[in-house]
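**Q** So that we are looking at the same thing, I have put the structure below in structure tokens.
Okay, here's the thing in structure tokens:
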């Protein structure tokens with residue numbers, strides 16, 4: 078059982094995180110894992126409340142559950158088990174053995190195939206309409222909601238994106254924080270390497286400028302993003318429980334999208350900048366708190382390279 082839990086923690090490292098900071102650490106205590114947030118990896122200026130740090134940890138928690146499920150064990154999770162230890166997010170154990178179902182196997186396969194694809198999506202290709210029901214269901218099973226922005230919402234989304242872009246470009250501390258995570262030593266196994274970033278190109282909705290200029294090495298291809306869909310992961314409230322749930326929902330939606338042949342890239346800048354987040358909140362059909370915006374579409378081929386991951390010693394500690 079101990080080896081099974083260690084495998085779950087190790088394979089869960091493939092989860093997405095804000096600027097690929099991987100702000101989590103697992104502790105193995107024999108019959109269970111402890112998932113901790115790692116404040117040393119928090120983006121103190123971009124994410125002063127730690128919301129995106131906790132959301133990222135929610136994604137790795139969901140990935141660990143997917144691995145256990147695919148290995149034939151029922152995941153047993155206790156969230157926020159100790160109010161006196163705010164960085165301890167969850168206990169994770171392996172429950173009774175059970176056969177891995179088709180959906181479990183598909184989710185595990187998607188976990189290994191998933192990429193952050195920042196290229197414009199394929200020209201003239203649209204996300205099949207019936208796919209949205211699958212993506213919404215994936216979010217709702219994790220206690221969050223998923224909303225598709227359409228029609229007149231798009232003009233407000235563009236305005237929010239341009240505003241977030243302007244704030245990020247002129248905020249020197251934000252620029253420095255992004256630069257820190259785009260200029261990492263390759264041996265660190267984290268951050269956003271140039272090979273995963275495209276040069277700035279015209280799009281209906283602008284995306285984050287990582288400030289790499291000519292160093293951005295991912296070929297944008299011939300996509301144009303006209304078929305891109307923009308989805309908002311939202312929760313009813315805006316507390317630590319909600320942030321963790323939003324992260325689990327983000328992982329679930331992303332894996333479901335991957336299983337349906339779609340690509341995803343997060344637009345966290347839309348919720349990092351307070352004004353942009355307020356505008357996104359106004360677009361929700363019911364009162365709620367936007368936790369992340371996802372750009373989803375039909376990808377170009379071949380898939381982009383995977384982002385780096387930290388070595389095992391930095392991810393799992395045995396106690």
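In the numbering used here, the protein residues as written are 78 to 396.
We put the CB at the ideal spot given by N, CA and C, even for glycine.
Within the continuous beta strand (DSSP E) that includes residue 102, where are the two ends?
**A** Numbered from its first residue, the chain shown carries residue 102 at position 25. Its beta strand (DSSP E) spans residues 101 to 105.
**Q** Can you find the residues in the same chain that come closer than 7 Å, C-beta to C-beta, to residue 170, ignoring five residues on each side of it along the sequence?
**A** Position 93 of the chain shown, counting from 1, holds the residue named residue 170. Closer than 7 Å at the Cβ level, and outside the excluded window around residue 170, lie 108, 109 and 153.
**Q** Pick out whichever of 149, 393, 195 and 166 has its Cα sitting closest to the Cα of residue 175.
**A** Residue numbering aside, residue 175 sits at position 98 when the chain shown is read from its first letter. Of the candidates 149, 393, 195 and 166, the one whose C-alpha sits nearest the C-alpha of residue 175 is 149.
**Q** Verify whether the separation of the beta carbon atoms of residue 318 and residue 128 is less than 8 Å.
**A** As a position in the chain shown, residue 318 is number 241, starting the count at 1. As a position in the chain shown, residue 128 is number 51, starting the count at 1. No. Outside cutoff.
**Q** Tell me whether the beta-carbon of residue 197 lies closer than 8 Å to the beta-carbon of residue 302.
**A** Residue mapping note: residue 197 aligns to position 120 of the chain shown, counting from 1. Residue mapping note: residue 302 aligns to position 225 of the chain shown, counting from 1. Against a cut-off of 8 Å, the Cβ pair of residue 302 and residue 197 comes out as a contact.
**Q** Skipping 5 residues on each side, what residues in its chain have a beta carbon closer than 8 Å to that of residue 366?
**A** The residue labelled residue 366 in the question sits at position 289 within the chain shown. Cβ neighbours of residue 366 beyond the five flanking positions: 311, 312, 313, 314, 315, 319 and 358.
**Q** Using a 10 Å radius around the Cβ and a threshold of 16 neighbouring Cβ atoms, would you call residue 206 buried or exposed?
**A** In the chain shown, residue 206 corresponds to position 129, counting from 1. Its Cβ having fewer than 16 others within 10 Å, residue 206 is exposed.
**Q** As a quick exercise: from 87, 380 and 306, pick the residue whose alpha carbon is nearest that of residue 144.
**A** In the chain shown, counting from the first residue as 1, residue 144 sits at position 67. Residue 144 has its Cα closest to that of 87, out of 87, 380 and 306.
**Q** Taking all protein chains shown into account, decide if residue 325 is buried (16 or more other Cβ within 10 angstroms of its Cβ) or exposed.
**A** Numbered from 1 along the chain shown, position 248 holds the residue referred to as residue 325. Classification of residue 325: buried, given that the 10 Å Cβ count is 16 or more.
**Q** Which residue wins for smallest C-alpha separation from residue 49, given the options 213, 227 and 228?
**A** In the structure as shown, the chain begins at 78 and stops at 396. Residue 49 is therefore absent and cannot be evaluated.
**Q** Determine the DSSP secondary structure at residue 272, reduced to helix, strand or coil.
**A** To locate residue 272, count along the chain shown from 1; it is residue 195. Reduced to three states, the DSSP call for residue 272 is helix.
**Q** Would residue 284 pass as an interface residue toward chain C - the criterion being a Cβ-Cβ separation below 8 Å?
**A** The structure shown contains no chain C; it is built from a single protein chain.
**Q** Excluding the 5 residues flanking residue 90 on each side, which residues of the same chain have their C-beta closer than 6 Å to its C-beta?
**A** Counting from 1 along the chain shown, the entry for residue 90 is found at position 13. The residues are 386 and 392.
**Q** Using only alpha-carbon positions, find the residue among 245, 85, 140 and 162 that is nearest to residue 345.
**A** As a working note, residue 345 is residue 268 in the chain shown. Nearest option by C-alpha distance: 245.
**Q** Do residue 147 and residue 181 have their CB atoms nearer than 8 Å?
**A** Position 70 of the chain shown holds residue 147. Position 104 of the chain shown holds residue 181. Contact flag set, yes.
**Q** Would residue 195 and residue 273 qualify as a contact pair, given that the criterion is a beta-carbon distance under 8 Å?
**A** Locating residue 195 in the chain shown gives position 118, where the first residue counts as 1. Locating residue 273 in the chain shown gives position 196, where the first residue counts as 1. Yes, the Cβ-Cβ distance between residue 195 and residue 273 is below 8 Å.
**Q** Please state whether the Cβ-Cβ distance between residue 165 and residue 111 is less than 8 Å.
**A** As a working note, residue 165 is residue 88 in the chain shown. As a working note, residue 111 is residue 34 in the chain shown. Yes, they are a contact pair.
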